[in-house]
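Colleague:
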Amino acid sequence: HVDINDMGFLGRNSYRQIRTAHSRVTSDISWARQNEFDFRGFIQKNTDQLLTAGGVFLSNRTTLRNLDQFTIRASFFPEKYDDLNSFGNGAYRTEEQTFLGVSYDSDASQAFSYGLGFGVEEEVLGEDTLISRISFSWRPNDRFALNLKVRHFDRKGWLLHQEGVTMTAFDAEQWTPTMSAEYFLNARQQMKLSLQWVGIKAKEKSFYRIAGEPGDLIEVLKPEGPSDSFSLSQMALQLRYRWEIAPLSD
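Numbering (this note's numbering), first residue to last: 2 to 251.
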């Protein structure tokens, strides 16, 4: 017996999808060095003819005269059916979702650079999640670089599967700081140390049951048993040595 997932991650294999994209770059405008506009969209149905994914994505990145970048992103997702996060216990309908985010990143070619970002994203039940980001980079020379990035999520109505046909919505706070240091021994050899921590504190809010037929989730009273609230703290440390034997090889 061969499971193709043993060969790597496979999102799903039972769908039909159509995608489209349009990009436009405008250079030498009066108030900036360059402007990049990007429009993308897709629609996806599974073999049961349920709309399982779809969206429209807009982004506009402006590179200023001093090489700083200002980016605006927006997206829209229509109502759809989720048949994956139920882990084989049926399909349920999710609400329309929107996202709006802005970011500002200073010139990355400088010895010190920084970035700021803020966004608002709707959860599948309709409530809003606030996302923020701050990052710093220090490159004192061509060989060494130190990077620090912190992301914060203030989630409202974060829907997670529990067991069987039961699901729980949480209000949660999530921190994700990441630090990396890299040093080039020469043009072909690199050492990189990276450290990432994920901390989540989630409080149960409402409870749902997946219906027998595809449709809306059914809100129910809290099931008997312990609280679904949880806290999570995980850290990952990676040390990498890279040797480029030939161009574009590791």
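Each residue gets a CB set at the ideal place from its N, CA and C atoms; glycine is no exception.
Predicted, not measured: the structure shown is a model, and the values here were computed from it.
A203 by DSSP, collapsed to three states: which one?
Modeller: Of the three classes helix, strand and coil, the one that applies to A203 here is strand, per DSSP.
Colleague: Where do the ends of the beta strand (DSSP E) carrying P79 lie?
Modeller: Here P79 belongs to no beta strand (DSSP E), and DSSP marks it neither H nor E.
Colleague: Is DSSP giving W32 helix, strand or coil here?
Modeller: Here W32 sits in coil by DSSP.
Colleague: In three-state DSSP terms, what is I246?
Modeller: In this structure, I246 counts as coil in the three-state DSSP scheme.
Colleague: Check whether the Cβ atoms of Y209 and M168 sit closer than 7 Å, and answer yes or no.
Modeller: The answer is yes: Cβ separation under 7 Å.
Colleague: I need the DSSP call for T48, collapsed to helix, strand or coil.
Modeller: If DSSP states are grouped into helix, strand and coil, T48 belongs with coil.
Colleague: Roughly how many angstroms separate the alpha carbons of S60 and Q111, rounded to a whole number?
Modeller: Distance between the alpha carbons of S60 and Q111 is about 25 Å.
Colleague: Quick check: is any heavy atom of the ligand PLP less than 6 Å from the C-beta of R152?
Modeller: As presented, the structure is devoid of all ligands, the ligand PLP included, so that no description of it is given.
Colleague: Out of Y82, M236, A22, F78, point me to the one whose CA is closest to T48's CA.
Modeller: The candidate whose alpha carbon is nearest that of T48 is Y82.
Colleague: Measuring only the C-alpha atoms, how far is F1 from Y105?
Modeller: Residue 1 cannot be examined here, being either before or after the span of the chain that is shown, 2 to 251.
Colleague: Secondary structure at V151, three-state DSSP: helix, strand or coil?
Modeller: DSSP places V151 in strand when its eight states are reduced to three.
Colleague: Would you say A170 reaches chain C, if we count a Cβ-Cβ gap shorter than 7 Å as a contact?
Modeller: As a matter of chain content, chain C is missing from the structure shown, which is built from one protein chain.
Colleague: When we look at the beta-carbon of W244 and count the other beta-carbons within 10 Å, is it buried (16 or more) or exposed?
Modeller: Exposed: under 16 other Cβ atoms inside 10 Å.
Colleague: So, are the CB atoms of S107 and D155 less than 7 Å apart?
Modeller: Against a cut-off of 7 Å, the Cβ pair of D155 and S107 comes out as no contact.
Colleague: Return the first residue and the last residue of the beta strand (DSSP E) that I132 is part of.
Modeller: Start and end: 129-139.
Colleague: For P178, which three-state DSSP category applies?
Modeller: Here P178 sits in strand by DSSP.
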